[in-house]
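>
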C-alpha cells in the first residue's frame, strides 16, 4: 500500500490513479517513491507513470479537468486515460441546475466536502460528509455509486444505499447526497 501525495489516503501499490481522489500518480525512476511533479522530492529522480513512461511535466485541460477544475496529464504521457469523449467509457454527468452543480464522472473518484475532485460543489454544505460517496465504472454493469459511510446517507431514487455496496445508476435516476439531489445523465 502507498499513500496518495494529493489526498493522503492509502491506496494499492502501482496504481495509475488514486482511487480516492482521482489524482494521476507518478513514481520516481530511482527510488520508486510516489509523488507529483517532474522530479522526486526525495532523491531528485525523474517521475514516471507506473508503466515506466516518462513525464514531461506538462498538463493539459481535457474534458474531465475542465469540468472538475483539476489539471490532468495528457493521455499521450500516461498509460491509462481518464474518461473523456475520446475513450470508450460512457460519459456520466450528475447535475442540479438550480444549485449550479455539474459533475462529470471520473472512474474511482470520490465525492465529498473535503476529499475528491468535486469539493468545490460541496465545501460549504455541512450535511455532505468529508468523504461521502464514490463513483465507479464496470464494463458489464456500467456506472455505479457507493456510499462511503457518510453521516447523512446516499440514495438513488429515494432508495437508501448501504455503505460500501455499489449501486448501478442509469439515465434519469436521482442521486441524493445528504440533502442534495443530482440528476443522472449517461451518454
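In my numbering, the protein residues as written are 2 to 188. Every residue, glycine too, gets a C-beta built ideally from N, C-alpha and C.
1) With three or more beta-carbon pairs closer than 8 Å as the criterion, would you say the stretch 13-25 touches the stretch 109-121?
2) Can we say the stretch 131-144 touches the stretch 168-183, given the rule of at least three CB pairs closer than 8 Å?
3) Tell me which same chain residues have a C-beta within less than 8 Å of the C-beta of residue 157, skipping the five on either side of it?
4) Please state the DSSP three-state secondary structure of residue 77.
5) Just grab the DSSP bridge partners of residue 105 for me.
6) Note down the Cα distance separating residue 38 from residue 27, rounded to an integer number of angstroms.
7) Are the Cβ atoms of residue 1 and residue 18 separated by less than 7 Å?
8) When the Cα atoms are used, what is the spatial distance from residue 151 to residue 126?
9) Ordered along the chain, which non-local residues of its own chain (more than five positions away) have a Cβ less than 8 Å from that of residue 46?
10) On the criterion of 16 or more Cβ atoms from any shown chain inside 10 Å, does residue 148 qualify as buried, or is it exposed?
11) Alpha carbons only, please: which of 129, 122, 8 is nearest the one belonging to residue 99?
12) Going by Cα to Cα distance, which pick from 161, 4, 9, 187 is closest to residue 142?
13) The alpha helix (DSSP H) that contains residue 155, what's its start and end?
14) Rounded to the nearest angstrom, how far is the Cβ of residue 184 from that of residue 97, given a contact under 8 Å?
15) Decide if residue 166 is buried, meaning its Cβ has at least 16 other Cβ atoms within 10 Å, or exposed.
16) Return the residue from the list 130, 6, 105, 182 that minimises the CA-CA distance to residue 118.
Looking at the atomic coordinates:
1) yes
2) yes
3) Spatial neighbours of residue 157 in its own chain (CB-CB distance under 8 Å, excluding positions within 5 residues in sequence) are listed in chain order as 146, 168, 170, 174, 175, 176, 177.
4) Because the pLDDT at residue 77 is just 32, under 50, the model does not fix this residue reliably, and the value given afterwards should be weighed accordingly. DSSP places residue 77 in coil when its eight states are reduced to three.
5) 94
6) 8 Å
7) Since the first residue of the chain shown is 2 and the last is 188, residue 1 is not available in this structure.
8) 13 Å
9) Closer than 8 Å at Cβ, skipping near neighbours: 29, 30, 31, 32, 40.
10) Burial call: buried.
11) Here the closest residue by C-alpha is 122.
12) 187
13) It is not in any alpha helix (DSSP H) - residue 155 instead sits in the beta strand (DSSP E) that spans 155-157.
14) 7 Å
15) So residue 166 ends up on the exposed side.
16) 105
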